[in-house]
Ligand SMILES: Nc1ncnc2c1ncn2[C@@H]1O[C@H](COP(=O)(O)OP(=O)(O)O)[C@@H](O)[C@H]1O
Ligand SMILES: [Mg+2]
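In my numbering, the protein residues as written are 174 to 510.
This is how it looks when you write it as structure tokens:
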């Protein structure tokens, strides 16, 4: 299918066996007119490994939903490539091919569960299989299996208005898994849930990925996602700035953050490092045996900065070393005097 899409009819190169996806230098610009332009993704590259849970953490407005919509083929990025295992670059797929590609390869879990309100949980879960013309007996068998696995079988005849927040999210996860996709994209999947229910849903993702080998890309403003991820990337203003592995300390992400150099050789300094050097913006640098040594040029290049103490969006009191609001995800910038 993808062959005809490639320029010069070149055969797409399948990804190495251990990779689920490759995102290469992705850009997205919203708005056609110069004055309305928002560059939401500014050259993002990363791999998703088969069977891994990859978290994407960043404050609101940092580009998470734009990234997920692009990976799901719901939004055409302005530039860049998104490669699936058989080598298909979905940014080149025409709309009609994208629909069937998406149904077979990608499951989507939204913050707003997007279930069909007049259908039962069971029928909602079966919908993607129905669109794929899966026979009824097979649909029933699969939806029953999924409902049992996700502990919602006793709710199978309920419509969404009779389900709790956690149950709604379980139904939408079951629906996302219905066609056995290789990749699940989850956009703020715990956004409407309390802390306990959030942990349960994230734990569920972990169990499902261990059991079924599906890859998960989970976006959230809540760093707790990193605790349940095999790896997580921090996104800020459309750029990946940091990466974390397993065993992180949620209270101190600075201690486990690896800085990421992107395709344009950019490294974004962590906020706490900038604060530590009093907001210096000129640095001398030396390449040393063990790395690059940066030194702030001196007090004349520094600007006085002050950390915002209350979230400007929801007014929550903010503790030190917090750079996005834990409640609403708003970015907490420093005040520059
Ligand atoms: N449809 C749109 N039109 C114009 N700008 C948009 C649109 N959707 C998102 N944006 C902007 O793109 C940036 C990234 O948004 P988004 O991907 O929704 O971030 P997040 O999901 O991290 O909150 C923000 O500045 C946002 O205002
Ligand atoms: Mg979003």
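Heads up, the beta-carbon is just placed ideally off N, CA and C, and yes, glycines get one too.
Can you tell me which of the three DSSP states residue i falls into?
{"i": "residue 545", "result": "In the structure as shown, the chain begins at 174 and stops at 510. Residue 545 is therefore absent and cannot be evaluated."}
{"i": "residue 497", "result": "strand"}
{"i": "residue 334", "result": "helix"}
{"i": "residue 454", "result": "coil"}
{"i": "residue 272", "result": "helix"}
{"i": "residue 346", "result": "helix"}
{"i": "residue 134", "result": "The structure shown does not extend to residue 134, since the chain spans only 174 to 510, so no value can be given for it."}
{"i": "residue 447", "result": "helix"}
{"i": "residue 339", "result": "helix"}
{"i": "residue 257", "result": "coil"}
{"i": "residue 220", "result": "strand"}
{"i": "residue 309", "result": "helix"}
{"i": "residue 192", "result": "strand"}
{"i": "residue 198", "result": "strand"}
{"i": "residue 417", "result": "strand"}
{"i": "residue 353", "result": "coil"}
{"i": "residue 428", "result": "helix"}
{"i": "residue 208", "result": "helix"}
{"i": "residue 263", "result": "helix"}
Pick from the options: whose alpha carbon is nearest that of residue i?
{"i": "residue 453", "options": "306, 467 and 308", "result": "467"}
{"i": "residue 152", "options": "264, 185 and 271", "result": "Absent from the model: residue 152. The displayed extent of the chain is 174 to 510, so no value can be given."}
{"i": "residue 459", "options": "469, 450 and 366", "result": "469"}
{"i": "residue 351", "options": "402, 507, 279 and 388", "result": "279"}
{"i": "residue 398", "options": "411, 471 and 419", "result": "419"}
{"i": "residue 309", "options": "240, 367 and 295", "result": "295"}
What I want to know is whether the C-beta of residue i ends up closer than 7 Å to one or more non-hydrogen atoms of ligand 1.
{"i": "residue 234", "result": "yes"}
{"i": "residue 211", "result": "yes"}
{"i": "residue 203", "result": "yes"}
{"i": "residue 231", "result": "yes"}
Just to confirm, does residue i get its C-beta within under 7 Å of one of the non-hydrogen atoms of ligand 2?
{"i": "residue 238", "result": "yes"}
{"i": "residue 395", "result": "no"}
{"i": "residue 360", "result": "yes"}
Can a CB atom of chain B be found closer than 8 Å to the CB of residue i?
{"i": "residue 388", "result": "The structure shown contains no chain B, having only a single protein chain."}
In terms of residue numbering, what span does the alpha helix (DSSP H) encompassing residue i cover?
{"i": "residue 383", "result": "368-385"}
{"i": "residue 297", "result": "294-304"}
{"i": "residue 237", "result": "237-244"}
On the DSSP letters alone, give me the boundaries of the beta strand (DSSP E) that residue i sits inside.
{"i": "residue 282", "result": "279-282"}
{"i": "residue 465", "result": "464-469"}
{"i": "residue 227", "result": "226-230"}
Indicate whether residue i and residue j have their beta-carbon atoms separated by less than 8 Å.
{"i": "residue 514", "j": "residue 390", "result": "There is no way to answer for residue 514, as the model of the chain reaches only from 174 to 510."}
{"i": "residue 228", "j": "residue 284", "result": "no"}
{"i": "residue 282", "j": "residue 372", "result": "no"}
{"i": "residue 301", "j": "residue 328", "result": "no"}
{"i": "residue 336", "j": "residue 219", "result": "no"}
{"i": "residue 357", "j": "residue 343", "result": "no"}
{"i": "residue 505", "j": "residue 497", "result": "yes"}
{"i": "residue 214", "j": "residue 236", "result": "yes"}
{"i": "residue 348", "j": "residue 380", "result": "no"}
{"i": "residue 223", "j": "residue 262", "result": "no"}
{"i": "residue 210", "j": "residue 216", "result": "no"}
{"i": "residue 431", "j": "residue 448", "result": "no"}
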